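These notes are about the structure you will find just below.
Residue numbers (this note's numbering): 4 to 187.
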């Protein structure tokens, strides 16, 4: 139980940039080092954690902890991943003005933003590479990517929730069509 808490505490403490930046580190720790899940299971956890309410890192920690040690494991993992943020934010809030005016802190945040951008791209690329691709996957990917690019070029605001819902609906429709063809 302590190992579960410590793993997620360490992930919460040393990962900047939120849940998406944590995905490669969670995958490395859970799949590669501890062998608690397969890569396919991790992709499913990421999809579920992304599509359920709440921060993805907390959702992933809760699910992984629950899978390992049931309810207490879910609680311990969740506490482990959120406790560092609570401590850090509380500490920063005590002297926020002085903290943000420090030029070295501003330089550090510039570097951290670059590193976080890379981690998020790495997580997306890893999920793309590991996904089971077929014609159906490629069509949905191209449709969603095209939609995002068109919206960004035209500076239109479009919630990622709608993209997830649209992807899910398209997935259900295509899967039903595929099953109907197989049954005939």
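Just so you know, even glycine gets a beta-carbon here, dropped at the ideal spot from N, CA and C. Every value quoted in this text rests on a predicted model; they were computed, and no experiment measured them.
List the whole-angstrom C-beta distance separating residue 12 from residue 87, where the pair is believed to meet the contact cut-off of C-beta under 8 angstroms.
Mapped onto the chain shown, residue 12 falls at position 9. Mapped onto the chain shown, residue 87 falls at position 84. About 6 angstroms; that satisfies the 8 angstroms criterion.
Let's see if you can read the secondary structure: which residues bound the alpha helix (DSSP H) around residue 134?
Working through the chain shown from its first residue, we reach residue 134 at position 131. Unbroken run through residue 134: none, as it is neither H nor E.
Quick check on residue 15: buried or exposed, where buried means 16 or more other Cβ atoms within 10 Å of its Cβ?
Counting from 1 along the chain shown, the entry for residue 15 is found at position 12. Answer is buried; the Cβ neighbour count reaches 16.
Endpoints, alpha helix (DSSP H) assigned at residue 179:
Within the chain shown, the letter at position 176 stands for residue 179. That run of the alpha helix (DSSP H) goes 163-186.
Beta-carbon proximity of residue 39 to residue 70, cut-off 9 angstroms
Translated into the one-based positions of the chain shown, residue 39 becomes position 36. Translated into the one-based positions of the chain shown, residue 70 becomes position 67. Against a cut-off of 9 angstroms, the Cβ pair of residue 70 and residue 39 comes out as a contact.
Near residue 55, what residues of its chain come up, given a Cβ to Cβ distance below 6 angstroms and the 5 sequence neighbours on each side ignored?
Locating residue 55 in the chain shown gives position 52, counting from the first residue. Here the set comprises 62.
Quick check on this structure: which residue in 75, 155, 148, 171 has the alpha carbon closest to the alpha carbon of residue 53?
If you number the chain shown from 1, residue 53 lands on position 50. Per the Cα distances, 171.
Around the C-beta of residue 24, are 16 or more other C-beta atoms found within 10 angstroms, so that it is buried, or is it exposed?
Taking the first residue of the chain shown as position 1, residue 24 is located at position 21. Classification of residue 24: buried, given that the 10 Å Cβ count is 16 or more.
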